[in-house]
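Following: one structure in structure tokens, then a few remarks.
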Amino acid sequence: MVVDQGKNTCSCRFWQLTGMPCMHAILAIQDKNDKRVAEYCHDWLKMEAYRGRIYGKNPHSAPVPLPIKPKPGRLTKKRRRDKEEQPTRSRSTFACTPSPIQPPSEIDISQSKSIPPTQDTQQVVSSLLNPKKFQLHLMI
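Shown next, in the form of structure tokens:
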């Protein structure tokens, strides 16, 4: 590879395309040991150009928040209560109670009021609860 430090060129053309020295140029610069490698980079890759381009002075003014408009209607104020007067609650509280509906896994078929418990239903329920003793009962 041919590196020309005066023209900032290399035969691999990486230095010309990107503005950064390629690995061949870096080795040649370090071999010569006269300047830092960062000094051979193009100006648009340096921090000064980046800060000036990105964080330069903004020609526009800062945004101004919208004015606060008063709400329509009369303002509501709470009156001062006497020391003897009890404070009133503006919001009512609700107590959470458990739901009367049971999940299907907790419903016992034998205790259902619509089906009177018989020996056959008790066998089916016990066989469903104990899968090892599951037997198929046909009611004819």
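For the sequence shown, position 105 (counting from the first letter as 1) is numbered 105 according to the UniProt record's numbering, and the numbering increases by one without interruption. Ideal Cβ positions, reconstructed from N, Cα and C, are used throughout, including at glycine. Every value quoted in this text rests on a predicted model; they were computed, and no experiment measured them.
By the C-beta criterion, the region 35-49 is judged not to be in contact with the region 58-76, since fewer than 3 inter-stretch pairs fall below 8 Å. Bounds of the alpha helix (DSSP H) holding His24 are Met23 to Lys32. The alpha-carbon separation between Gly52 and Asp43 amounts to approximately 12 Å. Between the alpha carbons of Pro21 and Val3 lies a distance of about 10 Å. If you draw a straight line from the Cα of Arg79 to the Cα of Gln86, it is about 13 Å long.
When rounded, the separation of the alpha-carbon atoms in Lys83 and Lys71 is 32 Å. In this structure, the straight-line span from the alpha carbon of Ile68 to that of Arg81 is close to 31 Å. Under DSSP, Asp82 shares a beta bridge with no residue. Note that the C-beta distance between Cys10 and Ala25 is below 8 Å.
Within the same chain, and ignoring the five residues on either side of Cys12 in sequence, the residues whose Cβ sits closer than 7 Å to its Cβ are Met1, Cys22 and His24.
According to DSSP, residue pairing for Thr9 in a beta bridge involves Asp4.
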